[in-house]
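Position 225 (the sequence shown) corresponds to 237 in this note's numbering; numbering is contiguous.
From the three backbone atoms N, C-alpha and C, an ideal C-beta is built for every residue, glycine too.
Read the structure below first, then the notes.
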Amino acid sequence: MTKQTVNLGSVQETLLIPLFSRALETARPNGLLKDTRAEEIVDQLEYDFSKWPPSSSWSQACIRTRLFDDIALDFLAQHPDGVIVEIGCGLNTRFERIDNGQATWFDLDLPDSIELRRVFFEDTPRRTMIAGSVFDEDWMEPVLKVGKPTLFLSEAVLIYFEEAEVKQAIVQIAEKFPGAGFATDICTSKLTTPKAQERGKRVLGISSWFKWACDDPKSIEAWYPGTEFVGSQTYVDASKDIIAKMPAIWRALTTIAPFFVRYLVKDYRIAHYRLGRS
């Protein structure tokens, strides 16, 4: 079988990190999640995944995904026919894993990423792929037409951009979708230094390093009137189900020395907001 070549920009290429992590976790007994679709896609890509050094980051990426899953599941429990927008969707499979059969989903990403995504996924009446940038506004129109409560998920996307760009994106969404939910991962300035990123990103180069530092997640409330910081989670705040499926070393540390683990992971968290109301 001819494999699918990968032609992505360096930032877009980071979409392969969560994809590969889900495939690895699926193969691990009692893994954090089961994603056979991720395994299939990895097998079909012409890409040297072995160039990525062995790292605990693979499991961490899946813990992050599970935390985003939980936010989405909570939203769907409250709004079964609501709308979920995956910003920078990459080769995300959240729809396959947690869709409730009623919600409407939009998968937004840059044209090269959507082109690759269309090789493996198709639009359906409840799921639409959109090629575009989160920093533009054209992509919002089909989402607005649905007219339902909306949740925006930005998993491993905005941290690759400058703060001014991140603010622009969030403000634009808040203006069009007052009251919507918005979840994104954030990291402190400690993790945006070259020293903190050199080892993990040496494969992709400096253009794929984290750029946006957010030392206080509540500070985003000031970006748009009425925006509310709902809360944030680090990996040690995960549910008991997630912790029970972590790799043994993480599970042991989380159970035996939670304060030590909390110190290790305190600079990276998933933040949840309710965007300003009109």
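Check                                                                                                        : Outcome
Environment of Arg129 [buried if 16+ CB atoms lie within 10 Å]                                               : buried
Residue interval of the alpha helix (DSSP H) (run including Arg281)                                          : Here Arg281 belongs to no alpha helix (DSSP H); instead the beta strand (DSSP E) covers Tyr280 to Arg286.
Unbroken alpha helix (DSSP H) run spanning Ala50, endpoints                                                  : Thr48 to Gln56
Segment contact flag, the region 75-86 with the region 134-152, C-beta cutoff 8 Å, min 3 pairs               : no
Cβ-based neighbour list, Lys188, same chain, cut-off 7 Å, excluding 5 preceding and 5 following              : Met152 and Leu156
Arg139 - partner residues in DSSP beta bridges                                                               : Trp117 and Thr136
Minimum length 3: unbroken beta strand (DSSP E) runs contained in the region 78-125                          : 95-99 and 116-121
Enclosing alpha helix (DSSP H) for Leu36 [first to last residue]                                             : Leu28 to Ala39
Start-to-end residues for the alpha helix (DSSP H) that takes in Ala195                                      : From DSSP, Ala195 is part of no alpha helix (DSSP H) but of the beta strand (DSSP E) over Gly193 to Cys199.
DSSP state of Leu265 mapped onto helix, strand, coil                                                         : helix
Residue range of the beta strand (DSSP E) that includes Glu240                                               : Glu240 to Gln245
At least three beta-carbon pairs within less than 8 Å, the region 34-54 to the region 166-183                : no
Thr17, DSSP secondary structure in three states                                                              : strand
Boundaries of the alpha helix (DSSP H) in which Ser22 is found, first to last residue                        : Ser22 to Glu25
Thr162 - DSSP class collapsed to helix/strand/coil                                                           : strand
Outcome for Ala73 when other beta-carbon atoms lying within 10 angstroms are tallied against a minimum of 16 : buried
Span separating the alpha-carbon of Pro123 from that of Thr162                                               : 23 Å
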